[in-house]
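In full-length UniProt numbering, the protein residues as written are 1 to 219.
Below, the structure is given as structure tokens:
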């Protein structure tokens, strides 16, 4: 079993769980309030764009293409941030999470004054930064903004355990499985809070990001 204290804080399980929970939270929110579009699950947007393009619905196609473009721009911006921001008190992960926290808080507070496309584009940009900043969990590659890769890793590690009987593979399968569960927990929490607070439920995501930001200061 991999010991948690041998991994940097940004690769700890608690961070990964909060990140995937945040992604599920936001995607549930945008699906409900922004015309069934996703901020992080760009595969869904690509499918929708392709479908409407085949129907000749040009404006609707663009509707789904825009968040895809901003997702790419978010990843690119994070690379620039990593290259040009000097090393100081804050790490790349802390810079990215701080930007995400502030951005989501602003969107959550002023959502009634912002166009739907502006909101979904900004959230896609921010979640791309999150994805790019946290490529590993306990030394293993993982995705913090979707579950497909984590489901695959859960399955492959489980099979490797049955073949080799090496318990590290069983442990890895458990880690990836719990990540998938927390993505669903995030989506569930978003739906529940949306029923109570409406569009202001997005502020729940900013709270998650603030907790992540604070945890990143721990050794």
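A virtual CB, placed ideally from N, CA and C, is assigned to each residue, including glycine.
Beta-carbon contacts of residue i that lie in its chain and below 8 angstroms, excluding the five residues immediately before and after
i           : result
residue 216 : 9, 10, 15, 91, 93, 94 and 97
residue 21  : 182, 183, 185, 186, 189 and 208
residue 105 : 203 and 206
Residue i and residue j closer than 8 angstroms at C-beta
i           : j           : result
residue 71  : residue 48  : no
residue 200 : residue 108 : yes
residue 172 : residue 128 : no
residue 111 : residue 193 : no
residue 117 : residue 168 : no
residue 147 : residue 180 : yes
residue 34  : residue 120 : yes
residue 124 : residue 50  : no
residue 18  : residue 212 : yes
Residues bridged to residue i (per DSSP)
i           : result
residue 136 : 141
Residues of its chain near residue i, where Cβ-Cβ distance is below 7 angstroms and the 5 sequence neighbours each way are ignored
i           : result
residue 143 : 131, 149 and 150
residue 103 : 122 and 126
residue 136 : 11 and 142
residue 145 : 23, 40, 127, 130 and 131
residue 29  : 190, 194, 201 and 202
Unbroken alpha helix (DSSP H) run spanning residue i, endpoints
i           : result
residue 77  : 58-84
residue 12  : No alpha helix (DSSP H) holds residue 12; DSSP gives it neither H nor E.
residue 198 : From DSSP, residue 198 is part of no alpha helix (DSSP H); its letter is neither H nor E.
residue 34  : Where residue 34 is concerned, there is no enclosing alpha helix (DSSP H), given that its DSSP letter is neither H nor E.
residue 45  : 42-54
Cβ neighbours of residue i in the same chain (closer than 6 angstroms, five flanking residues each side left out)
i           : result
residue 160 : 169
Tell me the start and end of each unbroken alpha helix (DSSP H) in the region 99-173 that is at least 4 residues and wholly inside, in chain order. 116-133 and 148-164
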